[in-house]
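Visitor:
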Amino acid sequence: MASQKSKRQTTRTESVVTEFEFEPGRVLAGKYEVETKLDRGWEGEVYLVREIETGILRAAKLLFPNRNERGRTARFYARKLHKLRHCPVLVQYHGWETIQFQREQITCLISEYVEGEMLEDYLKRQPGGRLQPFPALHLLWALAKGIEPIHAVREYHGDLHSGNVMVQRVGLTFDLKIFDFFHWDSPRPENIRDDVVDLVKIFHESLGGARHYAKQPDVVKEICCGLRRTLILRKFRTAGQLRRHLEAIEW
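The sequence shown: position 209 = 208 (numbering that gives the first Met the number 0), numbered continuously.
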């Protein structure tokens with residue numbers, strides 16, 4: 000039987016699970032066998048699991064109870080991913096399971112497993128740790144096109160950065176997946192505008208950041224606007240506006 004370890008911080012009223020560290024072979028909810036741990040974040044841990052009945056690989060996100068009070072965070076993720084299920088840039092949600100761990104009820108969200116390389120790691124592998132302007136523009140176009148249908152239904156991501164973007168394939172353009180929404184109670188216009196600014200920040204980072212900005216061509220500077228939020232938002236208030244601007248660039 001696989002061993003399990005946990006770190007728990009005890010207060011007068013509750014115990015807080017801060018780690019699962021499930022080992023390969025651990026069975027979750029009687030349906031999924033742990034293959035390996037994929038990631039750990041503020042809200043919980045993500046595991047690669049194999050669906051026992053079919054052998055299909057899935058991703059399982061287990062939420063720390065203190066980050067998922069009364070199931071609120073889990074419901075947010077499940078409902079939002081279902082609402083946006085027609086957006087190819089997002090992972091597909093499959094279901095909700097509950098497991099018992101250290102006398103705590105743990106929510107486990109099951110989604111498709113996608114393979115690739117995180118953008119922050121992909122950029123580090125490039126010559127000089129950065130992209131040249133032309134492929135960087137293609138990256139930004141793929142990001143804007145992916146986020147556009149989310150903004151079209153007045154939803155948002157809220158936490159866009161190179162550690163939440165996965166590169167699945169690079170060819171004429173980039174095939175991407177985006178993870179980890181940020182949780183606000185309800186969408187507001189400024190959330191969408193935050194996404195746009197974050198897209199431009201990823202573009203700026205992909206080009207090597209401030210160190211290389213002065214030598215970038217005008218088409219780059221017209222988008223980055225020196226990372227001044229007000230200037231960026233005068234030009235682009237949604238991902239769709241940014242995508243249309245990129246498609247009209249004369250190179």
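Virtual Cβ for every residue (Gly too), placed ideally from N, Cα, C.
If we call anything under 8 Å between Cβ atoms a contact, is I105 one with L62?
Guide: yes
Visitor: Measure the C-alpha to C-alpha separation of I248 and L232 and round it to an integer number of angstroms.
Guide: 18 Å
Visitor: For G128 and A143, I'd like the C-alpha separation in whole angstroms.
Guide: 22 Å
Visitor: Based on Cα-Cα distance, which residue from G157, L136 and L198 lies nearest to K79?
Guide: G157
Visitor: When DSSP labels each residue in this structure, what does S2 get in the three-state scheme?
Guide: Reliability of the predicted coordinates at S2 is poor, the pLDDT of 45 falling under 50, and the value obtained from them is presented with this limitation in mind. Three-state DSSP puts S2 in coil, outside helix and strand.
Visitor: With which residues is I177 paired in a DSSP beta bridge?
Guide: L89 and V164
Visitor: Give the secondary structure of R57 by DSSP, where H, G and I count as helix, E and B as strand, and everything else as coil.
Guide: strand
Visitor: Could you give the DSSP three-state label for G43: helix, strand or coil?
Guide: strand
Visitor: Taking C-alpha atoms, which residue in A59, V16, H137 and G24 lies nearest to R243?
Guide: H137
Visitor: Compute the Euclidean distance between the alpha carbons of P64 and W41, then round it to the nearest angstrom.
Guide: 12 Å
Visitor: So who's on the other strand from I98, going by DSSP bridges?
Guide: I105
Visitor: For the stretch 192 to 203 and the stretch 221 to 240, state whether three or more C-beta atom pairs, one from each stretch, are separated by less than 8 Å.
Guide: yes
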